[in-house]
Each structure stands twice: as C-alpha cells, then as structure tokens.
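In the UniProt record's numbering, the protein residues as written are 1 to 292.
See below for the structure under consideration.
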Amino acid sequence: MTVKTERSVSEFNSELKLKGFNAFQIERDGNAMKTYSRKDFYKICLTTGESRIHYADRSFEHEGTVLFFGNPHIPYSWETVSRTYVGYTCLFSEDFLNQSERTESILQSPLFKLGGTPILSINEEQREFLNGIFRKMIEEQQTDYSFKADLIRNYIHLIIHEALKMQPLENSDQHRNAASRLTSVFLELLERQFPIESSDSPLRLRTPQDYANDLSVHVNYLNRAVKDVTGKSTSTHIAERILSEAKALLQHTNWNISEIAYSLGFDYPTYFNNFFKKLTNTTPKAMRMQKV
C-alpha cells in the first residue's frame, strides 16, 4: 500500500481544480499546526490520535477518533499532539456536490455552520463503518466508471447523514470574547473573497447580510460585534476592501470599467462609478489614467 502523507497545497489545488474532489489516507503526521486555507473546498476528516482543533470561536482537545467537518468560509486549524496519527480525509468543492438537489440543505446543516457541531467523537463500531466508506471513495476515484462522481457524492451524503445522527463532541472552550472572535472570523472571511482572479466571476459576498448568512448569525449581531471591536461598521469594512481591490484592478489589469464593476458585484458600471467617486472624489477612469 502506498503511504500517503501531507502533500503540497499546490499539488492538492491542481487536483481539486480538475475534479472538485480528492480523498486520501493519512498514515503519518508530524507535530505541526495545520491550517487549511483554501477558500473553495469543504473537508471531512476521520482521524485517530490526540489532537487539538481550533474552529472559529471554539477549541477542542480529544484523544481517540473524531469526525471533523470543515467549512471553507470558517477559519480553523489543527494541532497534532500525538506522534501516531491515522485516518482519512476527503476534500470537495461546492460545485462538485451541487449536482445533487440535496446539496444546499446538507451544506446548511449544523455540521458546517459557525455555531454548529463540526466535531464528533467516534466509537470503534462507527470508525470501522466510516473507514469503509472512505476506502470506497479512495478506490472509486481511481476507476473508469462513468458515474463514479455520482457514487462518490452518495458516499459524502452517507457520511453526513450518519454524522447528523451522532452526538457532538462537548469538551470545547468558548472564546471569552465572542464579539472579538466573530469579528476576527468576519474579517478573515472578507479577505478570503480577494483577490479577484477573473472578470467572469463576480464577488460572492457584497453586503453585511451576505456575510451574516454565511456565518449563520443575525446581521444585527454581526454589525454590533464588528462595530464594538473595530469602531467601524461592517459596511465600512466591506466598502474599504472593495475599494482597495478596485484600485488594484484599475492599475494592474487591462479589464475595462464594466468588467471591473461586474467582478466587484455591481450590476451596472454607473453604480460602480458612483461608489468609487463617493469614496475617492475621483472616477475609476481618472484613477486609471494616473498610471499612464
């Protein structure tokens, strides 16, 4: 059997961009903090060993087997404590899972929400059952079966539904300052929207309500937390970051004004012009001319 270890981020990304899915076995991990920073992929991880997991505003310490669900919009990191650490991981994009009508409700389940239950303690019987599913996914992704993507999606759904029937891990430490942690998560999520890489893919999150929905909190709670911690409103943070990206696109790309406006989430160039002029006292066209 080939021993799988931690591989480079670029190597993972190339595979994920091609297929939108990857599953592999973990045989050996060192004592190092791991942060999964890709903004496009969900993660399900079944691991046995002693570990410390930091997820949004909570930290979990556990020895034994855990099932972990990672949301690309919520920052998390994983610290391996024990020398022996084994298990399985699968990574998948929302587009990969989007072929199923059940996808939206599944990705909105407590397993993937900010205040949900992303980590579950697994007993030996459950571990053997889940090990079998992960092995099937790993084997299936190597076959030439015409409908293997559908089959793998069914395996992902099966893991998720099995997890929804389990009890979450309870030994978590809540961050003392919930407003501070929520603000940190919001700011990281805001930054993950950038840089804009294509004029054909508009900004996904544009308003405080968009961010609140993504973080599964009420928009008023998000606004109050961000204002209390930073002194600026949620809208101001969003506008300032969009403006910064707009300046970069104007100065470093050959996209026309309409393309830039669309990529930043504006329905019409006029809206973008008004937004830009209000914050800079100049127009996008005039700003671009300054680099010539």
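Built from N, CA and C at the ideal position, the CB exists for glycine as well.
Straight through space, the alpha carbons of N22 and K278 are spaced by roughly 45 Å.
Between T65 and T48 the beta-carbon gap is near 4 Å, inside 8 Å, which marks them as a contact. In summary, L46 is buried, with 16 or more beta-carbon neighbours lying within 10 Å of its beta-carbon over all protein chains present. Counting other Cβ atoms within 10 Å of its Cβ, F129 stays below 16 and is therefore classed as exposed. In this structure R135 is exposed. Its beta-carbon is surrounded by fewer than 16 other beta-carbon atoms within 10 angstroms. Residue range F41 to Y55 is occupied by the beta strand (DSSP E) that includes K43. By the CB criterion at 8 Å, L264 and I242 fall inside the cutoff.
Looking at the backbone, the Cα of M289 and that of T207 are separated by about 29 Å. From the listed residues D40, G87 and M287, the smallest Cα separation to F24 is found for G87. Apart from the 5 residues on each side of it in sequence, F266 sits with its Cβ closer than 6 Å to the Cβ of F272 in its chain, given in chain order. CA-CA distance, Q142 to M287, rounds to 51 Å. Contact between H73 and D214 holds: their C-beta atoms lie close to 5 Å from each other, under 8 Å. Cβ atoms of F92 and I156 come within 8 Å of each other, at about 6 Å. In the three-state reduction of the DSSP assignment, T65 falls in the strand class. DSSP places S77 in the uninterrupted beta strand (DSSP E) bounded by Y76 to T80. Separation of the CB atoms of V217 and L182 is rounded to 7 Å, and the pair is thereby assigned contact status at 8 Å.
Taking S146 as the centre and dropping the five residues before and after it, the same chain places no C-beta closer than 6 Å to its C-beta. By the neighbour-count criterion, in which a residue is buried when 16 or more other Cβ atoms sit within 10 angstroms of its Cβ, T234 is buried. Burial is judged here by how many other beta carbons sit within 10 angstroms of a residue's own beta carbon; N281 has fewer than 16 and is exposed.
In its chain, beyond the 5 residues on either side, A179, S180 and T183 have a beta carbon closer than 7 Å to the beta carbon of V229.
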